[in-house]
Structure formats: C-alpha cells, structure tokens
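Visitor:
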Amino acid sequence: MKMLWILAFKELKDGLRNRWIAAAIIVLGTLALALSLLGSAPTGSVKASAMDITVISLASLSVYLIPLIALMLAFDALVGEFERGTMMLLLTYPVARWQVIIGKFLGHVLILFIAIFVGYGGVMLIMLASGGSIEGWQAYVAMMASSLLLGSIFIALGYLISVLVKERATAAGAAIGLWLVLVVLYGLLLFGALVIDKEQVISQQLFSTLMLLSPTDSYRILNLSMFEGVSQAAGIAGVASSAGINNALLLTVLLLWVITPLIATLWVFQRREL
Amino acid sequence: MSLNSSNKRSIGSNPVISLDSVNKCYGSETVVNDVSLNIQPGECIVLVGHNGAGKTTLMKLMLGLTRPTSGNIEVLGGNPAFTAAVAQHKTLGYLPESVAFYEAMTGSEVLAFYAKLKGASLGDCKTLLDTVGLSSAAKRRVGTYSKGMRQRLGLAQAMLGDPQLLFLDEPTTGLDPLLRHQFYELIDGLHKEGATSIISSHALNEVEARANRFVIMKNGVLVACGTLDELYKLAALPIRLHIDVTPGSAAQVAERLGSNVNISKLNDQSLSLSCVNGEKMPLIRRITDLGEVVNDLQIKPPKLDEVYSHFMQGGSPS
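Protein chains in written order, with the numbering used here: chain A, 1 to 274; chain B, 1001 to 1318.
Following this line, the structure appears as structure tokens:
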C-alpha cells in the first residue's frame, strides 16, 4: 500500500508542478459557473430549481469534457515512460508492475478528483455565498461523483491505449479516436439508427442495452434519473425505470468500464518486455 | 567454444547469479546465445564486448526486465522475471546505459522519490548528492542537467540503500577523471562490505585492475570468461620484453640472443623482444647472462585491451 501512495503522490505532484491541475480547475470551474448563471435565470413554468437545471446542463457538457481531460492525463502515462526510458529504471526498484499501474491510476484519479471537486464544487460555494438557492445540492454532488467515475473510466482506457502502442504520438491519436467513437459517434449512430429504423427492428430492450453499453450514455442516464427534480426538469421522468434500468445497474456498468480496461492494461504490462 | 572457468568456482558456494544456457531472441535475431555463467557473492564482474554484443540485454535478463527465450536465470535464488522477485530489488542497484529521469523534477526530488521506493533514508540522499557533487544543482530541474550530471545522478540512485548487487551499464561514460576515481572508490567501498557488482565497460584500462573476472561477449556469445591471468593464458598472447643496451651494441645483442627469439623492434640502443608465456624465464636468464651490456629490462605483459582484441578478432585459444 505504501508503494501505491508513493507512486500516486508522484503523479499528483507532477500534476501540480506542470499546472495541469490548475488548468483543469479553471476549465471546469468556468464551465460550471457559466452554466449555473444560466440555470439561475428564470426557468419558466416548469417547477425546477436552479440547481437541477445546472446539473442537467453541466452533466451534458461533462460527458464531452471529462473524458477528454482524463484521456489527456492518461494517454502518455505508460508509453511516455517506455519511450523516455524511465520505466526501465522504475521496474528495477522494489515495485511490482501492478503497483505501477494502480499507483499511477490512484494518482490520476486524485488529480481528477481535485479538478472536479474544486472546479465544480467551488461554483456551488460561490452560489451559496452569493445568496442563491442551492436546493437540490445532492444531485449536484452526485453529478460530481459520477463525473469522477466517468473520468476514471477514461483514465483506465487511456492506460490501455498507452500500454498497447509503441509511440506517444500514436497514443495521442488513438486517444482522440477513442474519444470520438465513445463520446461522440456512438450516441449519434445509436440515435441515427433509431431514426432510420421505421420498422422498429430495434426493440426497446435492445436499445436500452445498447445505451447501457456506452459509458457516456450510462453516465448521462444516471445523472438525469438519479434525482426526482432533475429527471422531471429533464423531461425524462420514469423513462429509465420503465426501460428496466436502475441506478445500481448503471453504476455496475460504469464500474465495469473502469475495471475491465485496468485489468487488460495489467495483463499486457505484465507480459511486456523492456 | 564457450570457455567458462566459472563452473569450477561454483562448486561449494551458492552463486548470487546463475545463468544456464540462456538464449534471447528478438524475432529472428539472437541477441544472447547460449550463455552460462555463475557469479559468486562479492565478485566484481566486468562485461566487455563490442556495441551490440549483448551486454545490456544480459543485464536486463538478470534484472528481470526481459525474459529469456530459453534457458534459466536465477538471481538471489529466484527467477528475476517473477513478481515475487520484486522484494529482492531492495538490495539491488542499477544504472542503465543511457539513464533517463523525470525531467520536470529537481535532482533532489528524483533521488527522494527513488529513496522512498527503496525504503532508504532521505538523509542518504543528501550524502549521495554530496558524494557525486550534485548538491549545488540539487534544486535544479533534471531537464537542465548536462550528460555528466545525469550520469552522476544515475550513480547516486544506484547507490541508494547500500545495494548488495550492482548492475552498472557503462557507468563512467561522461564522468571526468576525478569523478571516475571517486566512483571506483565508492564501488570498492561497497565491495568491502560484500557487495557483488556487474559492470559493463569499454574503458578497459580503467576496469583492468578492479575486476575479479572478465566476461568477453561477441555477437551474443560468451567467448571467454576468467581472471586476467586466465585470459592471458587462454589467449596465449606473447609477452613482450624491452631491453636497453649500451649504445651501438643492439645488433650484437640481437645476434647473441639467437634466432629463436622474435625481435620486433630494433634501433641503436634498445630492443623489443617477444616470447610466449612459457619461454619467458629462459629468455630472461639469457638476457641477464649477456652481462653489463644490458642497462635495463622491462617486462610488458599483455594488457586487457590486447586480450580483448585477440578474442574480438576471432582468435581462439590455442
């Protein structure tokens, strides 16, 4: 356990040193602030709190931004050390290969945790300080936590890319490709298929399964259906539960998306020769 | 034709490292070819060989960074490629051929990070930075370090936690003469405490006096292994003698020494003779018999670099 923390804190210090954490906080904080200002504008006849509106818009944007940030953090993690030669030296120290992966993972998740909770959480405090209503804050905190989970998924996926490719440039390209496919294209293709599908070949069951398979869609559904206020404001109240999707299932899917790439990374790394 | 005098030695004591018919292939290329070697506790082994002879790969195999294609390796009683061997790394120091560090960290941060991993005290870091002469640059980013400074930091990290087993891949490249000297003193100090070291080097004259045994590699094959004396005998290189005689008598002396002596250099007052190892003493006696005409006699045994080039040029022991 000590080894893991030594490795994790090294990543954390790197993140502080190269201003990575600071940059991520600014990006996420600015985004949250802008959306919370929009959310506090009059919300019309729908009875929704400013917080609920903020959660909906922030979750829809986080779905794009958080995976990007996580991949940027992770794609270099292993291939960079292979290329520079620091991995070779590290592995002659009393650290097991799995400790290298898990230690880095803990460090990167910690970086993301700080970025999300300071960036998003800070905005909540600003709202509180400026006398705004933070009714429904639970949904906001849950959104932050699930964003961290979403980020962890893409850190793990980034590692898998990082351990598989031979060069950093390839890793960067693959990371962008993965982001496009999982974050942008998958959802688009799914809805496109639904539009084309006039004969209703795609059953509701199949559709919700396909939605569940995507980490980003699972994240979106989780955030929109976890709290009553949010799902009503989003206009999807009861949709998820009637499709047989509940929070536990969504969380399980998301956790599997963290664990599977991590295990695959470990498997490849364990066999890698330096 | 692998000549391995280490096998004799291994009887009776447990080797720190033992390699048994180790092969390593990358694709169709054989980088290490059927190498067997035993290294005893406290030995200082020097690996010599041309670039690409397989020295670095041999070290990586012993460190568990790569796995042999066939054959067995045991380091400190276990397979170095297994996760279980990780605990052993506490007593191990390694300096890679071209050492790389985390560029954004300062010298002292890098060393502190490695010290924590090894469980060495942070006080050691300061001492080591002093020893390698980096204390004034300790607060600077490693990215700004020169080649020599990186090499020194590399040495410092290899020395962390009083290692019992040292792997040093061309340790003195980029070091100035004074630091080279200090480096060998450090190694000597560790040897006195019973450490074992494996050093690969091209600086043959530096390592000549320090190693217990030499391992000569060529194209992945271990061509010879032994102490300097053993290697001289294996190579059967001629021993050279240099005599100074009274001016003008060189030709006369050459004549009197007879025709069965190889006289390779001749001028007015000095002669260079060579003979095989077994004929050295008879020749010396004949020289002393010459009387006062001989002013000086120097015996020049073959140097390691001659032994080395003998084996590199495909010379086989006779």
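Note that the Cβ used here is the ideal one computed from N, Cα and C, for glycine as well. Bear in mind the structure is a predicted one, so any value in this text is a computation, not a measurement.
When you compare only the Cα positions, how much space is there between GLN1313 of chain B and LYS13 of chain A?
Guide: If you take the alpha carbons of GLN1313 of chain B and LYS13 of chain A, they lie about 52 Å apart.
Visitor: Taking only beta-carbon positions, decide if ILE263 of chain A is within less than 9 Å of chain B.
Guide: Output row for ILE263 of chain A: interface = no.
Visitor: Got a sec: is the Cβ-Cβ distance from PRO67 of chain A to anything in chain B below 9 Å?
Guide: Chain B, which has no Cβ nearer than 9 Å to the Cβ of PRO67 of chain A, makes this no.
Visitor: Chain A beta carbons: is any one of them nearer than 9 Å to that of ILE1017 of chain B?
Guide: Closer than 9 Å: no.
Visitor: Mind the definition here: the region 189 to 204 of chain A touches the region 218 to 232 of chain A only if three or more C-beta pairs lie below 8 Å; say whether that holds.
Guide: As far as the Cβ criterion goes, the region 189 to 204 of chain A does not touch the region 218 to 232 of chain A, which means the pair count is below three.
Visitor: Could you tell me which whole alpha helix (DSSP H) segments of length 4 or greater appear in the region 10 to 65 of chain A?
Guide: Listed in chain order, the complete alpha helix (DSSP H) runs (minimum 4 residues) inside the region 10 to 65 of chain A are 20 to 39.
Visitor: Given a threshold of 16 other Cβ atoms within 10 Å of its Cβ, counted over all protein chains shown, does LEU1178 of chain B qualify as buried or as exposed?
Guide: Looking at its Cβ environment, which holds fewer than 16 other Cβ atoms inside 10 Å, LEU1178 of chain B is exposed.
Visitor: By how many angstroms is the C-alpha of GLY229 of chain A removed from the C-alpha of ASN223 of chain A?
Guide: If you take the alpha carbons of ASN223 of chain A and GLY229 of chain A, they lie about 11 Å apart.
Visitor: Pull up the distance between the alpha-carbon of LEU1076 of chain B and that of LEU1065 of chain B, whole angstroms please.
Guide: Rounded to whole angstroms, LEU1076 of chain B to LEU1065 of chain B spans 15 Å at the Cα level.
Visitor: Under DSSP, the beta strand (DSSP E) around ASN1038 of chain B begins and ends at which residues?
Guide: Note, ASN1038 of chain B: beta strand (DSSP E), 1029 to 1039.
Visitor: Which bits of chain B does THR86 of chain A rub up against, with CB to CB less than 7 Å?
Guide: Here the neighbours are ALA1100, PHE1101 and TYR1102.
Visitor: Alpha carbons only, please: which of B:CYS1044, B:LEU1037 and B:ILE1017 is nearest the one belonging to GLY1194 of chain B?
Guide: Nearest C-alpha to GLY1194 of chain B: B:CYS1044.
Visitor: Below 9 Å between beta carbons: does that hold for ASN1014 of chain B and ASN1023 of chain B?
Guide: In this structure, ASN1023 of chain B does not lie closer than 9 Å to ASN1014 of chain B by Cβ.
Visitor: Using Cβ-Cβ distances below 9 Å, what residues of the region 1045 to 1070 of chain B are close to chain C?
Guide: Included in the structure are the protein chains A and B, with no chain C among them.
Visitor: Inspect the CB distances between the region 54 to 68 of chain A and the region 130 to 144 of chain A and report whether three or more fall short of 8 Å.
Guide: Contact holds: three or more Cβ-Cβ distances are below 8 Å.
Visitor: Should the region 1164 to 1177 of chain B be regarded as contacting the region 1051 to 1060 of chain B, the criterion being three or more beta carbon pairs within less than 8 Å?
Guide: Taking 8 Å as the limit for Cβ pairs, the verdict is that the region 1051 to 1060 of chain B does touch the region 1164 to 1177 of chain B.
Visitor: Would you check if the region 168 to 175 of chain A and the region 61 to 75 of chain A touch, i.e. whether three or more CB-CB distances between them fall below 8 Å?
Guide: The answer is yes - the region 168 to 175 of chain A touches the region 61 to 75 of chain A, with three or more Cβ pairs under 8 Å.
Visitor: Under 9 Å, Cβ to Cβ, is there at least one residue of chain B near ARG97 of chain A?
Guide: Yes, ARG97 of chain A counts as interfacial toward chain B.
Visitor: How is THR1196 of chain B classed by DSSP in three states: helix, strand or coil?
Guide: In the structure shown, THR1196 of chain B sits in a strand (DSSP, three-state: E or B).
Visitor: If you draw a straight line from the C-alpha of SER1021 of chain B to the C-alpha of ASP1176 of chain B, how long is it?
Guide: Straight-line Cα distance between these residues: approximately 38 Å.
Visitor: Using a Cβ-Cβ cut-off of 8 Å (strictly less than) and excluding sequence neighbours within five positions of VAL268 of chain A, which residues of its own chain qualify?
Guide: Answer for VAL268 of chain A: LEU160, VAL163 and LEU164, listed in chain order.
Visitor: Measuring alpha carbon to alpha carbon, tell me which of B:LYS1118, B:HIS1310 and B:ALA1254 ends up nearest LEU1283 of chain B.
Guide: Here the closest residue by C-alpha is B:ALA1254.
Visitor: Keeping to the same chain, check which residues put their C-beta closer than 7 Å to that of ILE134 of chain A; ignore five residues upstream and five downstream.
Guide: Once the five neighbours on either side are set aside, the close Cβ partners of ILE134 of chain A are MET51, MET124, MET127 and LEU128.
Visitor: Taking 9 Å as the threshold (beta carbon to beta carbon), is ILE6 of chain A in contact with chain B?
Guide: Yes, its Cβ sits closer than 9 Å to a Cβ of chain B.
Visitor: Along the chain, where does the beta strand (DSSP E) containing VAL165 of chain A start, and where does it finish?
Guide: Element bounds for VAL165 of chain A: n/a, residue is neither H nor E.
Visitor: First and last residue of the alpha helix (DSSP H) that includes GLU83 of chain A?
Guide: GLU83 of chain A -> alpha helix (DSSP H) spans 79 to 84.
Visitor: Check whether the region 172 to 188 of chain A and the region 85 to 93 of chain A touch, using three or more Cβ-Cβ pairs below 8 Å as the test.
Guide: Not touching, per the Cβ criterion.
Visitor: What's the call for LEU255 of chain A, buried or exposed, on a 16-neighbour Cβ count within 10 Å?
Guide: So LEU255 of chain A counts as exposed.
Visitor: Against chain A, with Cβ distances strictly below 9 Å, would PRO1096 of chain B count as a contact?
Guide: Cβ-Cβ to chain A under 9 Å: yes for PRO1096 of chain B.
Visitor: Suppose you measure from the CA of SER1318 of chain B to the CA of ALA1235 of chain B; what does that come to, to the nearest Å?
Guide: Because SER1318 of chain B sits at a pLDDT of 38, beneath the cut-off of 50, its placement in the model cannot be relied upon, and the following sentence gives the value as read from the coordinates. Looking at the two C-alpha atoms, the distance is approximately 7 Å.
Visitor: Over the uninterrupted alpha helix (DSSP H) stretch that includes SER1108 of chain B, give me the two end residues.
Guide: Taken as a continuous stretch (DSSP letters only), the alpha helix (DSSP H) holding SER1108 of chain B covers 1107 to 1118.
Visitor: Please classify TYR120 of chain A as buried or exposed, where buried requires at least 16 neighbouring CB atoms within 10 angstroms.
Guide: Flag for TYR120 of chain A reads buried.
Visitor: Counting only beta-carbon atoms, is VAL1307 of chain B nearer than 9 Å to chain A?
Guide: No, its Cβ sits nowhere closer than 9 Å to a Cβ of chain A.
Visitor: Give me, in chain order, the residues of the same chain whose beta-carbon lies closer than 8 Å to that of GLY244 of chain A; leave out the 5 immediate sequence neighbours on both sides.
Guide: Answer for GLY244 of chain A: GLN205 and SER208, listed in chain order.
Visitor: Starting from SER231 of chain A and walking both ways along the alpha helix (DSSP H), at which residues does that stretch end?
Guide: Segment 228 to 234, the alpha helix (DSSP H) holding SER231 of chain A.
Visitor: Return helix, strand or coil for GLY1189 of chain B, following the three-state DSSP convention.
Guide: Of the three classes helix, strand and coil, the one that applies to GLY1189 of chain B here is helix, per DSSP.
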